[in-house]
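Asker: Under the numbering used here, the very last position in the sequence shown is 352; numbers go up by exactly one each time. Please find one structure pasted underneath; my questions will follow.
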Amino acid sequence: MSSDRPGRPADVVPEPEEPQATGSTADTDPVSPVPGRRGRRREQEAKKGSLLRELPVLLLIAFVLALLVKTFLVQAFFIPSGSMERTLHGCPGCTGDRVLVNKVPYWFGAPEPGDIVVFEGPESWSPEVDVAEPGNWFSGGLLWLGRAIGVAPPSEDDFVKRVIATGGQTVQCCNPEGRVTVDGEPLDEPYVFEDTPLESRAFGPVTVPEGRLWVMGDHRSASADSKAHVGDEWSGTVAVDDVVGKAALIVWPLDRFGTLGSPDIQGTEAAGVPVSGAAAVAAPYALGLVGAVPLTAWRRRRSRGG
């Protein structure tokens with residue numbers, strides 16, 4: 047007997063309720079393709095990894111540019127001997143002061159009396175320091191690089207002296223007071239240390255040829271300078287073209303950090319203006335970094351196809 051009362055069919059299954067949205071599916075589903083916190087974190091990690099990969103390139107470019115600046119603008123040198131005491135410290139076989147040599151001033155003019163210059167000595171000049179040159183190209187490259195940035199001993203051909211007279215001037219020693227004279231006028235040389243005995247001090251007169259310099263060390267009794275080579279082809283003078291640059295700054299050791307001026311030894315206004323110490327030290331690295339940043343940015347844009 048059938049019943050007419052309405053009822054619930056036994057074969058009807060209720061549909062499940064849809065879950066209520068409570069937040070981003072990426073917060074709960076680790077494999078969800080929808081971007082969320084994990085996606086942002088992965089993106090940040092990718093950017094950090096890209097920066098770390100680019101950092102060595104940036105540093106390399108900065109170093110190369112700094113090296114170029116040092117090659118053409120400024121360069122560091124060790125003082126190889128005691129011939130410039132007490133202005134510059136050095137001794138044979140040891141590491142003395144490290145000076146920064148500025149090459150820019152002599153782009154526009156010649157060295158002046160009173161300047162301390164680094165130059166390549168003539169063939170007739172004996173080295174003041176013995177340096178064992180490398181026997182292969184790799185070691186030679188490392189030595190060249192070390193010299194360029196001032197962390198290796200100088201070449202045997204490198205000398206550092208003070209300019210006493212320039213082309214056309216006549217230099218000799220001594221006047222009645224035992225002083226060196228240029229064109230008959232005694233020099234004002236407060237930097238001279240341990241001068242040679244008066245009886246062995248005499249030389250000249252020597253008229254310096256145009257384009258050449260008469261140079262002497264401040265430590266007169268221990269300097270193999272122009273006076274010691276007065277009998278050679280050029281009467282002890284050195285070529286202006288062989289001058290590397292002007293010693294502008296002591297950069298090491300730190301307790302001797304300071305600029306090197308050019309005293310007016312001839313009583314004229316010819317002495318140059320000292321280079322700013324901080325600017326001379328920072329310039330190569332600052333310019334290198336400034337140049338490296340846009341190059342690296344260009345490289346990154348290119349790698350992205352833009």
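The beta-carbon is built from N, C-alpha and C at its ideal position, and this holds for glycine as well.
Within a Cβ cutoff of 7 Å, which residues of the same chain sit near Met47, ignoring the five residues on either side of it in sequence?
Answerer: Bear in mind that the predicted position of Met47 carries a pLDDT of just 47, short of 50, making it unreliable; the figure below should be weighed with that in mind. Nothing listed; no residue qualifies.
Asker: According to the neighbour-count rule (16 or more other Cβ atoms, all chains shown, within 10 Å of its Cβ), is Gly214 buried or exposed?
Answerer: By the 10 Å Cβ count, Gly214 comes out exposed.
Asker: Answer yes if the region 299 to 312 comes into contact with the region 272 to 286, meaning at least three C-beta pairs across the two stretches below 8 Å, and no otherwise.
Answerer: No contact exists between the region 272 to 286 and the region 299 to 312.
Asker: Whole alpha helix (DSSP H) runs in the region 238 to 278 with 4 or more residues, listed along the chain?
Answerer: You should have found no qualifying run.
Asker: Quick check on the DSSP output: the alpha helix (DSSP H) that includes Trp153 runs from which residue to which?
Answerer: Taken as a continuous stretch (DSSP letters only), the alpha helix (DSSP H) holding Trp153 covers Pro151 to Phe154.
Asker: Considering Gly213, what are the terminal residues of the beta strand (DSSP E) in which it resides?
Answerer: Counting along the chain, Gly213 falls outside any beta strand (DSSP E), and DSSP gives it neither H nor E.
Asker: What is the rounded straight-line gap between the Cα of Tyr237 and the Cα of Met130?
Answerer: Each residue's alpha carbon lies about 9 Å from the other.
Asker: If you draw a straight line from the alpha carbon of Pro168 to that of Leu101, how long is it in whole angstroms?
Answerer: When rounded, the distance between both Cα atoms is 45 Å.
Asker: If I measure Cβ to Cβ from Arg144 and keep anything under 6 Å in the same chain, skipping five residues before and after, which residues do I get?
Answerer: Cβ within range, chain order: Ala122, Phe124, Gly196, Val297 and Trp298.
Asker: Hey, how far is the Cα of Arg225 from the Cα of Arg208?
Answerer: Approximately 16 Å, taken between the alpha carbons.
Asker: Determine the extent of the beta strand (DSSP E) in which Phe123 is found, giving its start and end residues.
Answerer: Its beta strand (DSSP E) spans residues Val120 to Phe124.
Asker: If you follow the beta strand (DSSP E) that Leu295 is part of, which residue opens it and which one closes it?
Answerer: From DSSP, the beta strand (DSSP E) with Leu295 extends over Val289 to Trp298.
Asker: Under the assumption that Gly291 contacts Val147 (Cβ atoms under 8 Å), give the Cβ distance between them as a whole number of angstroms.
Answerer: Indeed they touch by this definition, with Cβ atoms about 4 Å apart.
Asker: On the criterion of 16 or more Cβ atoms from any shown chain inside 10 Å, does Ser170 qualify as buried, or is it exposed?
Answerer: When all chains shown are included, Ser170 counts as exposed.
Asker: Report yes if the CB atom of Val284 is closer than 7 Å to the CB atom of Phe184, and no otherwise.
Answerer: No, Cβ-Cβ distance for Val284 and Phe184 is not below 7 Å.
Asker: Below 8 Å on the Cβ atoms is my contact criterion, and I expect Ala221 with Thr227 to pass it. Report the Cβ-Cβ distance as a whole number of Å.
Answerer: Contrary to the premise, residue 221 reads as Asn rather than Ala in this sequence. Right, their Cβ atoms sit about 5 Å apart.
Asker: Please state if the CB of Ser269 and the CB of Gly160 are separated by a distance shorter than 7 Å.
Answerer: No, they are not a contact pair.
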